[in-house]
Amino acid sequence: MLKQYLLSPGPTAVPERVLLRMAHPMIHHRTPQFSAIFAETKRMLEQVYQTSNDALMLASSGSGAMEAAITNLCSPGDTIIYVNGGKFGERWGKIAAKYGVNAVEIKVQWGDAVEVAAVEAALNANPAAKGVFLQASETSTTTEHPVREVARLTANRDGCVTVVDAITALGVIDMPMDDWGLDVVITGSQKALMLPPGLAMIALSDKAWALTESATCPNFYFDLVTERKNQQAGKDTTAWTPAASLVIGLNEVLKMMFEEGLDNLFARHALLAKAARAGVAALGMKPVSTAPASSATGAFVPEGVDGGAFVKYLRDTMGVTFAGGQDHLKGKIIRIAHLGYYDVFDITTAMSAIEIALNRFGHPVQMGAGVAAAQTVLAERFPAQG
Ligand SMILES: Cc1ncc(COP(=O)(O)O)c(C=O)c1O
Numbered sequence: 009m010l011k012q013y014l015l016s017p018g019p020t021a022v023p024e025r026v027l028l029r030m031a032h033p034m035i036h037h038r039t040p041q042f043s044a045i046f047a048e049t050k051r052m053l054e055q056v057y058q059t060s061n062d063a064l065m066l067a068s069s070g071s072g073a074m075e076a077a078i079t080n081l082c083s084p085g086d087t088i089i090y091v092n093g094g095k096f097g098e099r100w101g102k103i104a105a106k107y108g109v110n111a112v113e114i115k116v117q118w119g120d121a122v123e124v125a126a127v128e129a130a131l132n133a134n135p136a137a138k139g140v141f142l143q144a145s146e147t148s149t150t151t152e153h154p155v156r157e158v159a160r161l162t163a164n165r166d167g168c169v170t171v172v173d174a175i176t177a178l179g180v181i182d183m184p185m186d187d188w189g190l191d192v193v194i195t196g197s198q199k200a201l202m203l204p205p206g207l208a209m210i211a212l213s214d215k216a217w218a219l220t221e222s223a224t225c226p227n228f229y230f231d232l233v234t235e236r237k238n239q240q241a242g243k244d245t246t247a248w249t250p251a252a253s254l255v256i257g258l259n260e261v262l263k264m265m266f267e268e269g270l271d272n273l274f275a276r277h278a279l280l281a282k283a284a285r286a287g288v289a290a291l292g293m294k295p296v297s298t299a300p301a302s303s304a305t306g307a308f309v310p311e312g313v314d315g316g317a318f319v320k321y322l323r324d325t326m327g328v329t330f331a332g333g334q335d336h337l338k339g340k341i342i343r344i345a346h347l348g349y350y351d352v353f354d355i356t357t358a359m360s361a362i363e364i365a366l367n368r369f370g371h372p373v374q375m376g377a378g379v380a381a382a383q384t385v386l387a388e389r390f391p392a393q394g
């Protein structure tokens with residue numbers, strides 16, 4: 009037997025309570041029973057978004073909602089600005105190109121956050137831009153971008169919105185959509201929402217909804233205007249067959265999140281991230297990011313260790329699944345997830361596994377150094393006694 013631990017930044021671990029809820033016999037989605045669950049789930053989701061607008065659920069992975077954002081807000085020939093500081097930022101440009109939308113790239117070195125001044129300059133150079141598209145947490149580099157500051161730049165520009173891929177940020181950090189003036193916020197089920205993959209969520213501000221009225225990019229399945237009509241209170245359904253078991257699972261997840269309390273949940277994520285950073289630093293592994301995210305921690309594997317083989321060994325020989333690097337970081341980094349259903353002893357497990365693997369790869373490592381550094385931070389999670 010090899011016990012398995014899933015410590016990747018998506019899919020993430022699903023709580024037992026949620027698995028059990030989803031294992032109930034299937035119910036039909038065009039029924040008052042499902043609509044009641046749907047309506048309650050949507051209301052709770054909007055509280056996590058911290059918005060008075062509709063948070064819509066789509067049966068797709070997160071990328072579907074990214075595509076929906078572009079097709080519902082833009083027309084062919086329009087210009088958008090996007091931040092490309094990693095694999096997911098790059099995706100905005102790829103989607104835009106498919107729809108004939110002119111995407112102006114702000115290239116950011118992988119691991120760095122975008123500079124607000126660079127966004128301002130791009131907006132000034134492209135006054136007709138429909139929006140700035142960026143990640144709140146760029147998972148490929150475990151980096152946070154300053155979405156609040158970017159939203160301030162678009163706030164006073166007519167017809168120009170801030171579109172945030174919060175796929176590894178919503179439910180991790182406090183990013184109140186309405187207060188911060190974020191116009192579109194997207195997330196996916198298999199990250200902080202502790203569910204299997206297959207459900208995407210998207211909310212739009214009034215300003216973003218106004219853009220949908222003139223947008224002419226083709227869409228059918230991801231027509232957000234149609235979805236909103238169906239999903240709004242009173243109808244409480246979806247345009248197409250929903251990912252019903254995931255919606256039901258989300259209902260349970262959101263209850264768990266509110267039982268914990270959002271402030272406690274954000275604090276837990278921040279603490280785990282701090283501990284993971286301390287752990288890898290103690291092992292002499294350099295951080296990937298200069299603006300590290302609370303969702304996952306990326307660190308370079310030591311010189312002389314093949315990062316691809318390292319992550320594969322951890323997964324296949326030791327039973328601990330992390331993520332490696334993508335594109336030019338492939339084979340060079342390891343990414344440790346701490347978003348969603350993770351706590352203190354997941355981080356100590358992660359550190360312990362990395363230490364043992366380093367030892368097995370012949371890298372000199374002081375056993376326990378990473379665990380100890382992480383534990384020193386993690387102890388804060390529990391009240392002092394006596
Ligand atoms: C920040 C970010 N954006 C977009 C995606 C793509 O989402 P999906 O794989 O659910 O389509 C991911 C997935 O890891 C992500 O982390």
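With our numbering, letter number 224 in the sequence shown gets 232, and the count goes up by one each step, no holes. Don't be surprised by glycine CBs; every beta carbon is placed ideally from N, CA and C.
C-alpha distance - residue i paired with residue j, whole-angstrom precision
i    : j    : result
A392 : P184 : 32 Å
E146 : K95  : 8 Å
E235 : T170 : 21 Å
P84  : M359 : 48 Å
N164 : G370 : 57 Å
E128 : L161 : 7 Å
V116 : M264 : 37 Å
V296 : A387 : 25 Å
A278 : D120 : 19 Å
T87  : S60  : 28 Å
K11  : Y321 : 14 Å
V385 : T356 : 11 Å
G339 : T150 : 16 Å
M52  : L262 : 6 Å
F46  : T195 : 17 Å
Q334 : D191 : 29 Å
A304 : D182 : 16 Å
A247 : A218 : 21 Å
I103 : V328 : 33 Å
P154 : A284 : 22 Å
D187 : A73  : 22 Å
A299 : P33  : 45 Å
L366 : D351 : 23 Å
L270 : K199 : 16 Å
T49  : F274 : 20 Å
Beta-carbon proximity of residue i to residue j, cut-off 8 Å
i    : j    : result
I78  : I114 : no
R343 : F330 : yes
L291 : V255 : no
L201 : L258 : yes
A377 : I341 : no
G348 : T20  : yes
Y57  : L203 : no
N134 : V112 : yes
T249 : S43  : no
G332 : V319 : yes
S398 : V180 : Outside the shown range of the chain, which is 9 to 394, sits residue 398, and nothing can be said about it.
Where residue i falls, given that 16 or more other Cβ within 10 Å makes a residue buried
i    : result
E24  : exposed
S68  : buried
I80  : The residue you asked about is not Ile; residue 80 is Asn in the sequence shown. Buried: at least 16 other Cβ atoms inside 10 Å.
Q55  : exposed
D173 : buried
E221 : exposed
N132 : exposed
D62  : buried
M65  : buried
Q143 : buried
G242 : exposed
Q374 : exposed
R389 : exposed
L27  : exposed
A223 : buried
Residue i, DSSP secondary structure in three states
i    : result
V109 : coil
T195 : strand
L64  : strand
N238 : helix
A216 : helix
V91  : strand
K11  : coil
A177 : coil
V56  : helix
M74  : helix
V116 : coil
M185 : helix
A223 : coil
beta-carbon residue i near ligand 3 non-hydrogen atom, thresh 7 Å
i    : result
Q383 : Of the ligands one can find in the structure shown, namely ligand 1, none is ligand 3.
Exercise for review: At 4 residues or longer, and completely inside the stretch 244-313: list those alpha helix (DSSP H) runs for me, N to C.
Suggested key: Fully enclosed alpha helix (DSSP H) runs of 4 or longer: 252-268, 270-290.
Point to revise | 4-residue-minimum alpha helix (DSSP H) runs that sit fully inside the stretch 15-39, ordered along the chain | key: If we require 4 residues or more, the alpha helix (DSSP H) runs fully inside the stretch 15-39 come out as 24-30.
**Study point:** Segments assigned alpha helix (DSSP H), at least 4 residues, entirely inside the stretch 123-170
**Key:** 124-133, 155-163
Practice item. Kindly provide the ranges of any alpha helix (DSSP H) runs that are 4 or more residues long and lie completely inside the stretch 323-376, ordered along the chain. Key: 352-368
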